[in-house]
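Chains as they are written, first to last, in the numbering used here: chain Y, 697 to 809; chain G, 123 to 231.
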């Protein structure tokens, strides 16, 4: 089946630094990828839709200047959390659309100290 | 936007018991998937079921799209079934998946 990978699987950083998370579709091309955020004991919340070759579209309440998304190729989308703060600590999951379905990555756990 | 509610929010079962998890959605959908989120956070796809009924071992699922709900059945539950179960729907006209509120299941030995 289709596989989506994320890198890194976990990251710890200091407050004020920026962190980049990669999402790759390994065996299929994805013109559309999605980024979700999950806080402890909560559901997954859609943050943004990443479209290859165009600007991402963000859900209401998500700061586009803080969460920079780049979808540079049909197999790679990146999420950069800029000037991270402790409240940005969360579990970030990406998904990629292919074969009429969505396939989810294993997630990246971000801890900001 | 579309609302997705799951019930019950929490469920405790004795090993060997059966259970039914429900997912209600507020609008028509293109797709629906059921997931089990493991302790490490990874989403394990259980069923892709926009309509109809499917079975996979001890698990089965039914979606009645016209009435806007889906059910996940777990039979002869095992401790390894513990975790959080999510349904997610792709609303018509978009490719966005909206996740339900989740059901946290604990199976006791």
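Think of the CB as a built atom: it goes at the ideal place given N, C-alpha and C, for glycine as much as any other residue. This structure is a prediction, so every number in the text was calculated from the model and none was measured.
Just curious, the beta strand (DSSP E) that residue 235 of chain G is in, first and last residue?
Nothing about residue 235 of chain G can be read from this structure; chain G reaches only from 123 to 231.
Is the Cβ of residue 791 of chain Y closer than 9 angstroms to any Cβ of chain G?
yes
Counting only the same chain and skipping the five closest in sequence on each side, list residues whose C-beta sits under 7 angstroms from that of residue 781 of chain Y.
711 and 808
Give every residue of the same chain whose Cβ lies closer than 8 angstroms to the Cβ of residue 755 of chain Y, excluding the five residues on either side of it in the sequence, and list them in chain order.
741, 742, 743 and 744
Can you pull the chain G residues whose beta carbon is under 9 angstroms from the beta carbon of residue 702 of chain Y, in chain order?
Near residue 702 of chain Y there are no residues of chain G at all, since even the closest Cβ is about 10 angstroms away, more than 9 angstroms.
Taking the beta strand (DSSP E) that residue 127 of chain G falls in, what are its first and last residues?
126 to 129
How would you label residue 215 of chain G, buried or exposed, when you count the other beta carbons within 10 angstroms and need 16 or more for buried?
exposed
Tell me the residue span of the beta strand (DSSP E) that contains residue 158 of chain G.
151 to 159
Using a beta-carbon distance cut-off of less than 7 angstroms, what residues from the segment 214 to 231 of chain G approach chain Y?
217, 218, 219, 220, 221, 222, 223 and 224
Starting from the beta carbon of residue 208 of chain G, find every residue of chain Y whose beta carbon is closer than 9 angstroms, and list them in chain order.
739 and 740
Do the segment 178 to 193 of chain G and the segment 125 to 138 of chain G make contact, defined as three or more Cβ pairs closer than 8 angstroms?
no
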